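Input: a single structure, listed below in structure tokens.
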Amino acid sequence: MPGTYLKSALFGSLLFCSFSTLADPHAGHGTHAVHAAEAQKGNFTATLASLGIEQPWSRALPPSARTGAVFVSIYNQGADDRLVAAHAPIAGQTELHTHRIQDGLMQMIQVNGIEVPGHGGQLELKPGGYHIMLIDLKQPLHEGERFPLRLSFEKSGEIELEVEVRSLDAGTAADHSHH
Ligand SMILES: [Cu+2]
0 MPGTYLKSAL
10 FGSLLFCSFS
20 TLADPHAGHG
30 THAVHAAEAQ
40 KGNFTATLAS
50 LGIEQPWSRA
60 LPPSARTGAV
70 FVSIYNQGAD
80 DRLVAAHAPI
90 AGQTELHTHR
100 IQDGLMQMIQ
110 VNGIEVPGHG
120 GQLELKPGGY
130 HIMLIDLKQP
140 LHEGERFPLR
150 LSFEKSGEIE
160 LEVEVRSLDA
170 GTAADHSHH
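Here numbering that gives the first Met the number 0 is used: position 123 in the sequence shown is 122, and no number is missing along the way.
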């Protein structure tokens, strides 16, 4: 994934023309409603107002990698909310991203916020979808280590979390480390 990150004029224009569609709550990338009972089964690492937040995680990366991504699932029993910012001191820059297919190529696009649907809804940041992008990493991501991350929500406010660095293939079909 880090290799597909392109900061170019093309990237910039995609970024610009994507806001209108990505801001549409019915576009539905990565968000879907779940029943309240199902959400309560979630194994939360932290709670903030009506939000239940699962363990955020990242993949281990070779020392040469300059970018990484953080994934996390957030359940919301309250009113609709938005994830509006993320900050990780381990990175020079932290952005909210999604993916889209353009001419058969998967590209990453920065978004200015991601809806956290309320009343038993869920936002899932996962490989291939919405993610928190770490740009200009200041230190390598080693499996088993943790690093701090702050998430900011429009209504629920801010929370400090610790990201768990998992294996290089975490979240893929080849991942057998978390079963
Ligand atoms: Cu990205």
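Just so it is clear, CB atoms sit at the ideal spot from N, CA and C, and this is done for glycine as well. Since the model is a prediction, treat every value here as computed from it, not as a measurement.
| Check | Outcome |
| --- | --- |
| Distance between beta carbons of ILE89 and LYS137, contact taken as under 8 Å | 6 Å |
| Which residues DSSP lists as bridging SER57, in chain order | VAL69, VAL164 |
| Bridge partners - ILE100, DSSP secondary structure assignment | MET105 |
| beta-carbon ALA64 near ligand 1 non-hydrogen atom, thresh 8 Å | no |
| Proximity test, GLU157 beta-carbon vs ligand 1 heavy atom, cut-off 8 Å | no |
| Those runs of the beta strand (DSSP E) which lie wholly inside the segment 106–142 and span at least 3 residues | 113–115, 120–124, 130–136 |
| MET132 burial status per 10 Å Cβ neighbour count (16 or more: buried) | buried |
| Counted within 10 angstroms of its Cβ, other Cβ atoms place THR3 as buried (16 or more) or exposed | Residue placement at THR3 is flagged as unreliable, the pLDDT there being 40, under the threshold of 50; a coordinate-derived value is accordingly withheld. |
| Local Cβ density within 10 Å of PRO116, reported as buried at 16 or more and exposed below that | buried |
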